[in-house]
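Peer 1: Once you've had a glance at the structure underneath, I'll fire off some questions.
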Amino acid sequence: MQYKHNVSSNRIKLFLSSSMKDDKFREQRNSIIAFLERMPLYSLFAIENLSSDVHIQQRYVTEVKNTDLVLLILQTDLREGVANEFYAAKRNQKRIFTFIHEGKKSKQLKEFIDQEVNNYLTSTQFKDNRDLIDKIEATLLEDLVEKYVRLYEENLMLHGELKKISQRQEF
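For the sequence shown, the numbering used here gives the first residue as 10, with consecutive numbering after it.
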């Protein structure tokens, strides 16, 4: 039986996509990175962990292709890099968990949320860094539980099918 979303290694690969426009956003990213790097189930890709000799834009696209899921964080403005990462994830049919700040947004970001995000996936609102980290943690935990339940149900079905096959072979 084929799973809809395969995890390509023992650790789930995460891609962190968010603006690094100013110090406030960089501080937020650093908090998220520190939080996620403490979680042994995840392998995180973030620009902060990338050497400067790599062609950045191509590396992003490659990393999005190789990831299991994307954490998309939208704040006040839509940055070109964030939009490109979203479209690469969408093209490659990656799971995207979107977190949208409750505050003011640029017209371009509002349109992006209305036309792209809301039509493609569900999103979670957050009010500050602590709230964002709590919601990322809850979302990832819920995703793991859902995968475990789905795997358990598939194993039960396989067990039932194997039992039927073995009973037929006894005759």
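Don't be surprised by glycine CBs; every beta carbon is placed ideally from N, CA and C.
Met10 by DSSP, collapsed to three states: which one?
Peer 2: For Met10, the predicted structure reports a pLDDT of 35, less than 50, and the residue's modelled location is therefore unreliable. A value from the coordinates is still provided. Met10 falls in the coil class under three-state DSSP.
Peer 1: Report the residue ranges of all alpha helix (DSSP H) runs contained in full by the region 43–121; include only those spanning at least 4 residues, in chain order.
Peer 2: Runs found: 65–75, 89–100, 116–121.
Peer 1: Around the Cβ of Gly131, are there at least 16 other Cβ atoms within 10 angstroms (buried) or fewer (exposed)?
Peer 2: Per the sequence presented here, residue 131 reads as Thr, with Gly not at that position. Thr131 comes out exposed.
Peer 1: Report buried or exposed for Arg47, applying the criterion of at least 16 other Cβ atoms within 10 angstroms of its Cβ.
Peer 2: By the 10 Å Cβ count, Arg47 comes out exposed.
Peer 1: Is Lys136 helix, strand or coil when you go by DSSP?
Peer 2: Coil, per DSSP.
Peer 1: Between Glu36 and Glu155, what straight-line distance do the alpha-carbon atoms span, to the nearest angstrom?
Peer 2: Rounded to whole angstroms, Glu36 to Glu155 spans 31 angstroms at the Cα level.
Peer 1: Looking at C-alpha atoms only, which residue of Asp77, Ser40, Phe95, Ile142 is the closest neighbour of Gln66?
Peer 2: Cα-wise, what sits closest to Gln66 is Phe95.
Peer 1: Could you work out which residue in Ala97, Arg20, Thr71, Asn19 is closest to Glu125 when comparing CA atoms only?
Peer 2: Among Ala97, Arg20, Thr71, Asn19, the Cα nearest to that of Glu125 belongs to Ala97.
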